[in-house]
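Report on the following structure.
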Amino acid sequence: MTYHTKYNYVCANCGLAYLPFNDHLKCPRCDTEGTKTFEIVKEAIKAYNYHKMIYKSPLPPKYAFLSLGDRYIYLACKMLADYPGKDDEEYINAFIKTNWDKIDDIDILSEHYKAFLIQVLEEFKRMEKQ
Ligand SMILES: [Zn+2]
15 MTYHTKYNYV CANCGLAYLP FNDHLKCPRC DTEGTKTFEI VKEAIKAYNY
65 HKMIYKSPLP PKYAFLSLGD RYIYLACKML ADYPGKDDEE YINAFIKTNW
115 DKIDDIDILS EHYKAFLIQV LEEFKRMEKQ
């Protein structure tokens, strides 16, 4: 079994599919504040740990996107699987460029996913220290 969420969300104003992963996060397209907050950073870390336990790898051999949140989980697990342990921002920029085909509306959402992945990495490092 792979780890999944049921997180789906679209902007109430413009319909863009994205997850507000912090309070008061604004829509990357129309700047309208999200009406909900999703714990997707924590979920991504849980998925990472779960996949490592079950598959001995953060990234399962096959992973289906059953929700919008699953796309975030997949990207976070893949990012952590290849993380070189340094040059975080450069690494994440390069990661987004090479995984553009996994992100819809990449031109609008690249900064959004970048901010998400940086937050995942910070949470991951906090966890590793414990
Ligand atoms: Zn919007």
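Counted the way the working numbering counts, the sequence shown spans residues 15 to 144.
Virtual Cβ for every residue (Gly too), placed ideally from N, Cα, C.
| Query | Result |
| --- | --- |
| On the CB-based measure, 16 or more other CB atoms within 10 Å of its CB, does Leu82 come out buried or exposed? | buried |
| Considering only residues of the same chain and omitting the five flanking positions on each side of Tyr97, which have a CB-CB separation below 6 Å? | none |
| Rank Leu135, Cys44, Ile68 and Thr49 by C-alpha distance to the C-alpha of Leu89 and give the top, closest one. | Leu135 |
| Going by the beta-carbon positions, is the gap between Pro42 and Leu131 smaller than 8 Å? | no |
| Return yes when at least one heavy atom of ligand 1 lies under 7 Å from the C-beta of Leu89, else no. | no |
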